[in-house]
Amino acid sequence: PPKYIRDKSEEQHQKLRDKYHILVEGEDIPPPIEHFTDMKIPESILEHLRSKRIMNPTPIQLQGIPVAFSGRDIIGIAFTGSGKTLAFCLPLIMMALEEEKKLPFVRGEGPVGVILCPSRELASQTYENVVSWCSALAREGKYPQLNALLCIGGISMNEQSHVMSKGLHIVIATPGRLIDMLEKKRFTFNNCKYLCMDEADRMIDLGFEDDVRNIMSFFKNQRQTLLFSATMPKKIQDFARESLIKPVLVNVGRAGAANLDVLQVVEYVKQEAKMVYLLECLQKTPPPVIIFSENKNEVDDIQEYLLLKGVEAVAIHGSKTQEERQYAIRSFKSGAKDVMVASGVASKGLDFNEIQHVIIFSMPKEIEDYVHQIGRTGRSGKTGIATTFVNMNTPEQTLLDLKYLLMEAGQKVPPFLASIEDPRAAQGGSLTGCPVCGGERILPHHIIQRLTFFKVSDMAYRTALNLRMLRGGKWLHIVLMMAEGTNLVLSGNYRRWDWMRYFIKLTIAS
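Here full-length UniProt numbering is used: the first residue of the sequence shown is 1, the next is one more, and so on.
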């Protein structure tokens with residue numbers, strides 16, 4: 001970073017992190033950088049970003065990019081649509097550029113780094129971004145052209161033989177196809193020193209953990225490892241502990257938290273009335289709209305129903321061919337189709353611009369999947385609406401998780417959800433885990449459930465409340481300092497939450 005940033009005190013760096021609600025953990029954490037121009041990024045890339053109306057780094061970028069530039073392992077946690085892709089692609093592009101300038105790559109050499117994605121769609125989208133940034137870099141002839149390879153199932157590697165015939169800088173891949181290519185020795189990781197896992201939680205959930213470990217075994221030299229995701233379940237924490245070396249944790253918005261730019265509306269709709277009500281919901285906002293269902297057959301039924309009603313709709317799910325999926329994504333992105341009906345395959349990572357409305361036709365069982373699905377709208381600082389259909393067929397535990405999430409996000413909780421009681425909450429303090437965040441919070445959701453929130457006047461309130469809660473078998477003494485526009489400070493723990501103008505009235509029975 002520039003000298004004026006290096007000369008700042010740690011207190012000043014922390015003040016900037018607090019301004020953007022960035023939590024960091026780790027040793028010798030690089031300072032956050034508030035402007036792209038201070039990151040020593042080539043002007044051609046900056047111009048390209050400006051042409052896309054990307055003027056300043058998002059919170060995950062202003063802390064994540066400096067950490068990645070420093071060569072440290074990183075765990076990046078941020079809600080969907082927060083700019084994670086640029087945060088891990090830009091450092092890799094700069095690393096590849098540095099290697100190419102030292103000694104130009106020739107056939108059979110490379111890659112410098114690899115980006116792993118859980119789905120073909122996410123890999124394709126990341127590849128398109130990398131190619132556009134590399135092309136922008138080389139546009140004026142000042143910098144060499146960097147070569148990127150898309151390595152996914154469903155496409156023949158012969159189609160990319162022109163890339164394989166030159167030096168290879170960056171590979172974007174799904175785990176299965178990458179292992180196939182490595183075992184066939186189409187390229188090697190002899191000089192590879194950068195590994196990024198995008199949507200790492202989904203990768204582990206889909207059973208790719210052994211594949212990822214296998215991929216890691218192909219590295220010959222020391223590598224920099226990056227994990228990026230919107231959630232951080234225990235499986236990922238354990239995996240990171242084994243695979244990363246002294247990582248820096250950059251958390252922008254607690255792991256598993258919903259994007260606050262999304263208005264969440266939960267509707268009780270009987271199963272037989274869903275299709276009719278779906279048409280009503282589509283009229284609430286202009287297109288484009290995404291509809292999610294957990295069932296492939298239901299996805300096809302919804303698309304067929306909408307087409308009969310004159311709605312331009314496409315469908316995407318795991319049983320579609322690669323050509324059908326690419327056509328659906330392309331026509332929806334271009335605006336030729338107004339509605340996309342999708343199964344869980346499209347709920348993570350895909351970045352569709354200007355999505356006004358997300359409709360969750362069938363509530364997913366896992367609350368993390370719900371977070372990813374509503375995250376298709378409200379991206380890059382824009383606001384959006386997410387409408388969710390629930391009924392008697394929705395498991396009670398799923399409804400309970402949804403209730404907690406709405407409460408935490410300060411969203412309206414409908415009466416039918418508010419009336420659901422957590423049987424564990426009645427045990428008062430004996431609950432050791434949280435269905436939303438895994439019990440990571442000092443003030444768990446089952447405690448929040450028994451707090452009454454009410455808005456106060458613009459006067460600043462300052463009060464201190466002594467709470468004693470049983471957590472992990474130990475009593476914790478917590479002092480909560482509340483004031484307008486200030487952070488909630490927890491003594492004995494540096495975690496902070498911004499409660500803004502809310503005052504907490506405790507209604508916990510002794």
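Ideal Cβ positions, reconstructed from N, Cα and C, are used throughout, including at glycine.
Small disclaimer: the values here were computed from a predicted structure and weren't measured.
Taking the C-beta atoms as reference points, Val289 is found no nearer than 8 angstroms to Ile360. Across the set Glu27, Lys8, Pro31, Ala315, the C-alpha of Pro31 shows the shortest separation from the C-alpha of Arg17.
Distance check between Asn129 and each of Ile172, Ser119, Gly64 places Ile172 closest, using alpha-carbon atoms only. The C-beta separation of Ile93 from Trp133 comes to about 6 angstroms, placing the pair in contact by the 8 angstroms criterion. DSSP links Met95 through a beta bridge to no other residue.
In the DSSP assignment, Glu267 forms a beta bridge with Phe389. One Cα belongs to Met363, the other to Arg376, and the distance between them is close to 15 angstroms. Ranked by Cα distance from Thr37, the options Gly26, Arg50, Asp205 are led by Arg50.
Pairing Phe218 with Pro118 gives a Cβ-Cβ distance that is not under 8 angstroms. Here Ala78 is buried: its Cβ has 16 or more other Cβ atoms, across all protein chains shown, within 10 Å. Secondary structure at Leu146: coil, using DSSP grouped into helix, strand and coil. Annotation for Val341: the continuous beta strand (DSSP E) segment containing it runs 339 to 342. In the assembly as shown, Tyr4 is an exposed residue. Its beta-carbon has fewer than 16 other beta-carbons within 10 Å. Counting C-beta atoms within 10 angstroms of its own C-beta, Asp201 has 16 or more neighbours from the protein chains shown and is therefore classed as buried.
Residue environment: Gln125 is assigned as buried (16 or more neighbouring CB atoms within 10 Å of its CB, all protein chains considered).
DSSP, reduced to helix, strand and coil, places Phe105 outside both helices and strands of the structure shown, so it counts as coil. Taking a contact to require three or more Cβ pairs closer than 8 angstroms, the segment 407 to 422 and the segment 274 to 292 do not qualify as touching. For Cys192, there is no enclosing alpha helix (DSSP H), as DSSP marks it with neither H nor E. The beta-carbon distance between His357 and Gly384, rounded to whole angstroms, is 7 angstroms. This is short enough to meet the 8 angstroms contact definition. Contact annotation, Asn191 with Glu109: C-beta distance approximately 7 angstroms; criterion of less than 8 angstroms satisfied. The Cβ atoms of Ala68 and Pro91 sit closer than 8 angstroms to each other. DSSP places Gly64 in the uninterrupted alpha helix (DSSP H) bounded by 59 to 69. If you draw a 10 Å sphere on the C-beta of Ala328, you find 16 or more other C-beta atoms in it, and that means buried. DSSP places Thr377 outside any alpha helix (DSSP H), giving it a letter other than H or E. Of Ile204, His35, Asn158, Leu244, the smallest CA-CA separation from Ile74 is found for Leu244. In this structure, the beta-carbon distance from Phe228 to Lys84 falls below 8 angstroms. Counting every other CB atom within 10 Å of its CB across the protein chains shown gives His317 a total of 16 or more, marking it as buried.
The beta carbons of Lys320 and Glu27 sit no closer together than 8 angstroms.
Straight-line spacing of the CA atoms in Gly113 and Arg241 works out to 21 angstroms. Taking 8 angstroms as the cut-off, the beta carbon of Leu406 is found no closer than this to the beta carbon of Ile420.
Contact check for Gln271 against Asn393 passes: the beta carbons are separated by less than 8 angstroms. A buried status is given to Ser343, since no fewer than 16 other beta-carbon atoms sit within 10 Å of its beta-carbon. Taking a C-beta distance under 8 angstroms as the contact criterion, Arg379 and Gly81 qualify as a contact pair.
Taking a contact as a CB-CB distance under 8 angstroms, the pair Phe352 and Lys365 does not count as one, their CB atoms being some 24 angstroms apart. A distance of 8 angstroms or more separates the beta carbons of Leu137 and Leu168.
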